[in-house]
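2 protein chains.
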Amino acid sequence: MNIFIIGIGLIGGSMAMDMKRMYPEARIYGIDKDPSHLKEALALGLIDEISDHEELSRADLIIVGIPVDEMLTELPAVLNAIHDEALVIDAGSTKALICRILDEHPKRRNFLACHPIAGTEFSGPSAAVEGLFRGKTNIICEVEKTAFKLQEKALDLFRDLGMRIRYMNPEAHDKHIAYVSHLSHISSFMLGKTVIEKEKNERDIFDMAGSGFESTVRLAKSSPAMWTPIFEQNKANVVETLEEYIANLKAFKQKLVEDDYEGIYREMDNTNKIKEILEGIPLNKQ
Amino acid sequence: MNIFIIGIGLIGGSMAMDMKRMYPEARIYGIDKDPSHLKEALALGLIDEISDHEELSRADLIIVGIPVDEMLTELPAVLNAIHDEALVIDAGSTKALICRILDEHPKRRNFLACHPIAGTEFSGPSAAVEGLFRGKTNIICEVEKTAFKLQEKALDLFRDLGMRIRYMNPEAHDKHIAYVSHLSHISSFMLGKTVIEKEKNERDIFDMAGSGFESTVRLAKSSPAMWTPIFEQNKANVVETLEEYIANLKAFKQKLVEDDYEGIYREMDNTNKIKEILEGIPLNKQ
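Below, the structure is given as structure tokens:
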């Protein structure tokens, strides 16, 4: 089996790592627009060989883990280049536009639209880790548009990686992921910005930061190249979540201004139930 | 040595745990307005004996780890009850009002105003852990108002606990801690609220939450009884940080609305330097 990984970063690289272990007979080829990533991936043993788009006709399985704006041209080009039995899987954090663009593609049946919820704030080949996908959720969209035999092949792969599967339509995916992922990133980036701006002349102040601050600004380390196109593609949903978040913050501030501490207590008490909710999803924990 | 812990929660309980190990000859007494906490602390071996305020005249060292509104009446009462050589240390997350209230107290020299930056989202005796304070920052305010011999005693304790010390005035503490701690808690609570409200009819959606969401809403598990009085006492600073945070979120939203993706990229890229800043404070990590 010839496996091609397009984009040797956290997702592509970690998947390569697991597949090397799971399928020792497979040969893993890497394609990346950044030559230094390819060299690094080879040195780390993530891939067996550096490759390019010319070679894609030999691919049996192609994993595409690149920024979602690049997906829009890359995925049609990959589908054009592959043979009839090959399976192309993407790992984009948005799904609606990607699915729409491929909808009429003559090789649509060779494509499976996925979002493995396994990202962290790290990126690049050195971020790859073994077992990244174990216990994580993989959201599959429009599964019915993929050839049955290739669905089966993909599900075997995800089972071997230890993932659990959820099926959704692309619009529902984008709507809900705006709440549980995209908004978290913005809240974290803007929190980091607020503190850095205020404390720019007093770096010592970060000595006062505890593990709570670190936890809330963790996502502000994420890659702007990856996240800008995500916010662009999911603009309508992200703007809506942001408006709701800002309204909630303003209401909280207003309660403070009015000395409504009972109201503030109640807000926090009501939100404490996030404890039980998060306990219900232990498998996505790292 | 008779050590009294007033408030057997995360901070008081963890300190009791370490002190039992460090000072085997000491006897540790617990005082808590919640009788079930006292029973639990005794069962967990955090304290040797359940005690009450009547016994405070026998205390040599008193650690007070209770909500900051209760501090305002508790600390003067404790100072009134102790003998002349006893040392009282608080662990409140605000410092200005506490210091102001004790400023004229005849036993002000027996008190050391502290904020050990070691809190987590957990509370109560069961949250106590050994070594909680190792490598953490302890902020001491108005050190010059504490008797020299008692300063020394306190510094010996903090050294044995493995803490590093920072001296600040109470107003500077409250101003800066609003940025690196209090604002994080509000951003996290309101993020949790926004998502819970939106998704209340679709609990399944939390299946889509990854480790990033968990990290940003972690602080929304914190105790409202502890946090309401913190926000009340630090109202002016917290309102200011909230206004800046809301302004930054609105500006980010506006960039999205106007399709200014270069601007969005730049915002995130500028904030990425939080990486280096956080790397500079490895000791506060858990």
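Chains A and B, in that order, give the protein sequences. In terms of numbering that gives the first Met the number 0, the first sequence opens at residue 0 and continues consecutively. In terms of numbering that gives the first Met the number 0, the second sequence opens at residue 0 and continues consecutively. Heads up, the beta-carbon is just placed ideally off N, CA and C, and yes, glycines get one too.
Item to check | Through-space distance from B/A224 to B/G123, alpha-carbon basis | outcome: 12 Å
Checklist entry - Of all Cβ atoms in chain A, is any one closer than 8 Å to the Cβ of B/Y166? => result no
Checklist entry - Can you list the alpha helix (DSSP H) stretches of 4 or more residues lying completely in the region 187 to 270 of chain B, in chain order? => result 210 to 216, 223 to 232, 234 to 256, 260 to 270
Checklist entry - What residues in the region 148 to 178 of chain A have a beta carbon less than 7 Å from any beta carbon of chain B? => result R165, H175, I176, Y178
Next on the checklist: I need the straight-line Cα distance from B/N247 to B/E213, nearest angstrom please.
Outcome noted: 23 Å
Next on the checklist: Runs of 4 residues minimum, wholly inside the region 2 to 78 of chain B: which ones carry the alpha helix (DSSP H) assignment?
Outcome noted: 9 to 21, 34 to 42
Checklist entry - Exposed or buried, what is A/L282 when buried is set at 16 or more other beta-carbons lying within 10 Å of its beta-carbon? => result Bear in mind that the predicted position of A/L282 carries a pLDDT of just 44, short of 50, making it too unreliable to give a figure here.
Checklist entry - Which chain A residues sit within Cβ distance under 8 Å of B/G118? => result G209, G211
Next on the checklist: Does A/K272 come out as helix, strand or coil in the three-state DSSP assignment?
Outcome noted: coil
Checklist entry - So which residues of chain A does B/V238 contact, with C-beta pairs closer than 9 Å? => result K252, L255, V256
Next on the checklist: Between which residues of its own chain and A/S298 is the CB-CB distance below 6 Å, once the five residues before and five after are set aside?
Outcome noted: No answer is possible for residue 298 of chain A: the residues shown for chain A start at 0 and end at 285.
Item to check | Among B/F147, B/K152, B/S92, nearest to B/Q10 - alpha-carbon criterion | outcome: This sequence places Ile at residue 10 of chain B; Gln is not what is there. Ranking the options by Cα distance to B/I10, first place goes to B/S92.
Item to check | Cross-chain neighbours of A/Y22 in chain B, by beta carbon under 8 Å | outcome: The premise fails here: A/Y22 is roughly 26 Å from chain B at the closest Cβ pair, so nothing lies under 8 Å.
Checklist entry - Is any beta-carbon of chain B found at less than 8 Å from that of A/S180? => result yes
Next on the checklist: Short of 9 Å Cβ to Cβ, which residues in the region 184 to 208 of chain B face chain A?
Outcome noted: H184, I185, S186, S187, F188, M189, L190, G191, K192, T193, V194, I195, E196, K197, E198, E201, R202, D203, I204, F205, D206, M207, A208
Checklist entry - Any idea what DSSP makes of B/N137, helix, strand or coil? => result strand
Checklist entry - What residues of chain B sit near A/L277, judged by a beta carbon separation below 7 Å? => result E213
Checklist entry - Which word fits B/N109, buried or exposed, when buried means at least 16 other C-beta atoms lie within 10 angstroms of its C-beta? => result buried
Next on the checklist: Tell me the rounded alpha-carbon separation between A/N236 and A/F230.
Outcome noted: 9 Å
Checklist entry - Does DSSP put A/I116 in a helix, in a strand, or in coil? => result coil
Checklist entry - Near A/E73, what residues of its chain come up, given a Cβ to Cβ distance below 8 Å and the 5 sequence neighbours on each side ignored? => result I5, V63, I65
Next on the checklist: Could you tell me the alpha carbon to alpha carbon distance between A/R99 and B/T193, rounded to whole angstroms?
Outcome noted: 29 Å
Checklist entry - Quick one, which of B/R133, B/V142, B/N1 has its alpha-carbon nearest B/C113's? => result B/V142
Checklist entry - Does any CB atom of chain A fall closer than 8 Å to the CB of B/Y244? => result yes
Item to check | chain A residues whose Cβ lies nearer than 8 Å to that of B/I138 | outcome: M207
Checklist entry - Straight-line CA distance for A/E170 to A/T136? => result 18 Å
Checklist entry - Is the beta carbon of B/L111 sitting closer than 8 Å to the one on B/L149? => result yes
Next on the checklist: Determine whether the beta carbon atoms of B/I30 and B/S50 lie at a separation below 8 Å.
Outcome noted: yes
Item to check | Residue range of the alpha helix (DSSP H) that includes B/L154 | outcome: 147 to 160
Item to check | Sequence-distant residues of the same chain with beta carbon closer than 7 Å to B/A58, five excluded per side | outcome: N1, F3, I81, A85
Next on the checklist: Strictly below 8 Å CB to CB, what residues from chain A border B/L71?
Outcome noted: What B/L71 touches in chain A: nothing, since even the nearest Cβ is about 14 Å away.
Checklist entry - Since B/G209 and A/S180 are thought to touch, with beta carbons under 8 Å apart, how far apart are those beta carbons, to the nearest angstrom? => result 6 Å
Next on the checklist: Would A/A126 pass as an interface residue toward chain B - the criterion being a Cβ-Cβ separation below 8 Å?
Outcome noted: no
Checklist entry - Taking 8 Å as the CB-CB limit, is B/L218 close to chain A? => result yes
Checklist entry - Using the rule of at least 16 other Cβ atoms within 10 Å of the residue's Cβ for burial, across every protein chain shown, is A/A76 buried or exposed? => result exposed
Checklist entry - Which partner residues of A/I81 appear in the DSSP bridge assignment? => result Paired residue(s): none; A/I81 is not in a bridge.
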